[in-house]
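All remarks here apply to the structure that follows.
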Amino acid sequence: MKPDNKSPIEYTLEQLNVFKNNVPLFIQRINVHKCKMELCNPFETSFGRFDSLVRFFPEIEFRTEDGRLITGIGECSPLSAPWYDNECHRSVEIALKYITGSLTGKEADTADGIASADLDPITDVNSFIFKYNWIIGHNIAKAGIEGAYWDAIGKLNGTPVNKLWSGIRDNVETGISMGLEETPEALIKKIDKAVHELKISRVKVKVKPGKDIAYIDRIRKSYSDLRLQVDANAAYNLFNPEHIAVLKEFDNYRLMMIEQPGRNDDILDHARYLYLLKTPICLDESIVHLNHARQAVELWKQYSSVDKLIINIKPPRTGGYLEAIKIARLCSDNGVSTWCGGMFESAIGKTCNVHFSSREEVNLPGDHISYAPYFKINAADSPAYNEGKLKVPAGPGWGLKNIIY
Ligand code: OSB
Ligand code: MG
35 MKPDNKSPIE
45 YTLEQLNVFK
55 NNVPLFIQRI
65 NVHKCKMELC
75 NPFETSFGRF
85 DSLVRFFPEI
95 EFRTEDGRLI
105 TGIGECSPLS
115 APWYDNECHR
125 SVEIALKYIT
135 GSLTGKEADT
145 ADGIASADLD
155 PITDVNSFIF
165 KYNWIIGHNI
175 AKAGIEGAYW
185 DAIGKLNGTP
195 VNKLWSGIRD
205 NVETGISMGL
215 EETPEALIKK
225 IDKAVHELKI
235 SRVKVKVKPG
245 KDIAYIDRIR
255 KSYSDLRLQV
265 DANAAYNLFN
275 PEHIAVLKEF
285 DNYRLMMIEQ
295 PGRNDDILDH
305 ARYLYLLKTP
315 ICLDESIVHL
325 NHARQAVELW
335 KQYSSVDKLI
345 INIKPPRTGG
355 YLEAIKIARL
365 CSDNGVSTWC
375 GGMFESAIGK
385 TCNVHFSSRE
395 EVNLPGDHIS
405 YAPYFKINAA
415 DSPAYNEGKL
425 KVPAGPGWGL
435 KNIIY
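Residue 35 is where the sequence shown starts when you use my numbering, and the numbers rise one by one after that.
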């Protein structure tokens, strides 16, 4: 890709092989369900520890011209404080007021979810997103709303969402994300369980300065062939020689990737200070939209090479599924591997991620299963799991069963 500013990269729905709905749909009502959900096991990352999460499930009712009603649902999966990115469940609740207002023709303060009578219909996903895209940021909130659109379009057509997106996989590979533990022995016990009981073959381990090499070394002593990767959630300072030395030492452990070692907004410094590492760098927090992915690809071509860049694509972080698909396409067009990360979604959001991972470009195992079962009471049935793979539900829309919010 030759850098130039004349032709910004954009993709049409046709180019992305994404279904273009032409049936006029009128938004009738938006109802946001809010649930506090308890985790089975507390989870710790470099940014914090949590044992419960608030999830929002926007439900949008659409009416066709001939009076048929279709309801779609999605999930917003924020954390409880703005420590992964700038969103949290409190900000999502506010953003949902603005989005709901925009889609129903009302002001944020008076948005009651009931659409005003004189609204234009929406058709394809761009016409839907256009209604709220004047709102800057608040991507986790937007993704849950777009999720409800896709569920409804799938139901309208009697088609699973992954088929609307030309997904090619019926089963997607899944790995597990493991939180920080007090000792390497405590971590290895959890990994033993995941490998032996769940038959997980790809493990991601959270790391931070001081809780890194000893843990990885211990894992490699038991599991020399395990597909292993680490996630630092921005905990290493790319200007601290001791931190850089640790990142270099990771090269001795045959890791699939080092995820987001440096700050969220430092794509440039990741590219130019880590090019000496053999292990690929995976960007998570840094890639919020298509332009960031393009900039990362350009920088890796300049300072490193594209086979040492991997992008973790999370639809909640990128503001929805369409943007996630665009990023996946850009990566694949440029030889960059991708996978779908998680935000501790309930079974509803995880199912959406599984549909997305059915796309051909998403070529590495995703974080679709955490320390199972994730939540004490889940919001729906999880996709069927067998020996490291999850089945993409075949029913219309997301194909969700037993929703209980
Ligand atoms: O960085 O990938 C991350 C969870 C919450 C926020 C950020 C991250 C994570 C995880 C767990 O690693 C992923 C999951 O299993 O949902
Ligand atoms: Mg991550």
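Ideal Cβ placement from N, Cα and C applies to all residues, glycine included.
These numbers were taken from a predicted model, which means no experiment stands behind them.
With a CB to CB cut of under 6 Å and the five nearest residues on each side skipped, what residues in its chain are close to residue i?
i: residue 131; result: 142, 145
i: residue 214; result: 78, 240, 245
i: residue 158; result: 54, 55
i: residue 307; result: 272
i: residue 369; result: 340
Quick check: the Cα distance between residue i and residue j, rounded to an integer number of angstroms?
i: residue 443; j: residue 243; result: The chain is shown only over 35 to 439; residue 443 falls outside these bounds and no answer can be derived.
i: residue 358; j: residue 108; result: 15 Å
i: residue 47; j: residue 162; result: 13 Å
i: residue 389; j: residue 136; result: 27 Å
i: residue 71; j: residue 319; result: 24 Å
i: residue 249; j: residue 58; result: 55 Å
i: residue 103; j: residue 199; result: 23 Å
i: residue 127; j: residue 67; result: 11 Å
i: residue 98; j: residue 178; result: 22 Å
i: residue 268; j: residue 260; result: 24 Å
i: residue 235; j: residue 223; result: 15 Å
At least one CB of chain C closer than 9 Å to the CB of residue i: is that the case?
i: residue 282; result: Of the protein chains in the structure, only one exists, and it is not chain C.
In the DSSP output, which residue or residues are listed as bridge partners for residue i?
i: residue 287; result: Note: residue 287 sits in no beta bridge, so no partner.
i: residue 34; result: As shown, the chain starts at 35 and ends at 439. That puts residue 34 outside it, with no answer to give.
i: residue 165; result: DSSP lists no partner for residue 165.
i: residue 105; result: 95
i: residue 194; result: 431
i: residue 265; result: 240, 293
i: residue 419; result: 424
To the nearest whole angstrom, what separates the beta carbons of residue i and residue j, a pair I think is in contact under 8 Å?
i: residue 400; j: residue 206; result: 7 Å
i: residue 317; j: residue 292; result: With a Cβ gap of about 10 Å, residue 317 and residue 292 do not count as contacting.
i: residue 422; j: residue 134; result: In fact, because the Cβ distance is near 39 Å, the residues do not count as touching under 8 Å.
i: residue 106; j: residue 226; result: Wrong, their Cβ atoms sit about 41 Å apart, outside the cutoff.
Ligand 2 and residue i: does the residue's C-beta get closer than 8 Å to at least one heavy atom of that ligand?
i: residue 375; result: yes
i: residue 294; result: yes
i: residue 267; result: yes
i: residue 56; result: no
i: residue 318; result: yes
i: residue 173; result: no
Counting only the same chain and skipping the five closest in sequence on each side, list residues whose C-beta sits under 8 Å from that of residue i.
i: residue 73; result: 84, 85, 86, 87, 378, 408, 409, 410
i: residue 280; result: 243, 246, 247, 270
Would the beta-carbon of residue i be found less than 8 Å away from any heavy atom of ligand 1?
i: residue 77; result: yes
i: residue 402; result: yes
Given 8 Å as the limit, tell me if residue i has its C-beta closer than that to any heavy atom belonging to ligand 4.
i: residue 245; result: Among the ligands present in this structure, namely ligand 1 and ligand 2, ligand 4 is not found.
Closer than 7 Å by C-beta to residue i: which residues in its own chain qualify, once you throw out the five before and the five after it? Chain order, please.
i: residue 147; result: 63, 64, 65, 134, 138
i: residue 362; result: 347, 372, 393, 395, 396
i: residue 193; result: 430
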